[in-house]
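Participant:
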Amino acid sequence: MTEGREVAVVRRPGRDAAAEDGFAALLAAYHLRTQTEKGEAVTGVDALPDRYRAEISDPGTAFADDVVLTALDGGVAVGCLVLTAPADGRSEIKRLWTDPEHRGRGIASALLRAALAAAAADGTSAVRLSVWAWRTEAVSLYERFGFTVTESWDERERLVCMQRAI
Numbered sequence: 004m005t006e007g008r009e010v011a012v013v014r015r016p017g018r019d020a021a022a023e024d025g026f027a028a029l030l031a032a033y034h035l036r037t038q039t040e041k042g043e044a045v046t047g048v049d050a051l052p053d054r055y056r057a058e059i060s061d062p063g064t065a066f067a068d069d070v071v072l073t074a075l076d077g078g079v080a081v082g083c084l085v086l087t088a089p090a091d092g093r094s095e096i097k098r099l100w101t102d103p104e105h106r107g108r109g110i111a112s113a114l115l116r117a118a119l120a121a122a123a124a125d126g127t128s129a130v131r132l133s134v135w136a137w138r139t140e141a142v143s144l145y146e147r148f149g150f151t152v153t154e155s156w157d158e159r160e161r162l163v164c165m166q167r168a169i
């Protein structure tokens, strides 16, 4: 991010997310990094599990019912977040990612604020998320936004489940 330049957070329905708008590239970086951190490094997008490749190749279908937030710096996508459609009064935050060259500038916080505002506008009573335990900076960020650790809904080892009331 260039000094003094504002980062804009753009909200759109997930069905409008296009692979060409930078969102897919952010998803690819997110999934590749996550696989590496899990000790399952892959050589490229084609080696990712099918469900992740589907998100990257066709985000409009993968997130059709969700809200996609993209942070733009000078028109370039530098961060993203997906807020799932409410189910039983709850939404879930997924795929929060900031390009490593743009970290430390409040982009993830701006995306989270926008997601929480969108959830409140949709009448959601709570927002939940899961985060890998080794992503301590992300866990701290979520705690600053009022998320607390809750009972796991996902049994993957080292995955921390968190929730926050709206």
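Residue numbering for the sequence shown follows the numbering used here, beginning at 4 and increasing consecutively.
For glycine and all other residues, C-beta sits at the position ideal for the given N, C-alpha and C.
Every value quoted in this text rests on a predicted model; they were computed, and no experiment measured them.
Among S112, R159 and A57, which residue has its Cα nearest to the Cα of T73?
Facilitator: Answer by Cα proximity: S112.
Participant: Reducing DSSP to helix, strand and coil, say where A80 ends up.
Facilitator: Looking at A80 - three-state DSSP - the assignment turns out to be strand.
Participant: For V71 and T153, I'd like the C-alpha separation in whole angstroms.
Facilitator: Rounded to whole angstroms, V71 to T153 spans 25 Å at the Cα level.
Participant: Put R36 into one of helix, strand or coil per three-state DSSP.
Facilitator: Looking at R36 - three-state DSSP - the assignment turns out to be helix.
Participant: If the criterion is Cβ atoms closer than 8 Å, does the pair T151 and P89 meet it?
Facilitator: Their beta carbons are not under 8 Å apart, which means T151 does not touch P89 by this criterion.
Participant: Spatial neighbours of A123 within its chain, please: C-beta separation below 8 Å, excluding the five flanking residues on both sides.
Facilitator: So the qualifying residues of the chain are I169.
Participant: Please state whether DSSP places V45 in a helix, a strand or coil.
Facilitator: Coil.
Participant: Closest to F148 by C-alpha separation, out of M165, V79 and D68, would be which residue?
Facilitator: Closest by alpha carbon: M165.
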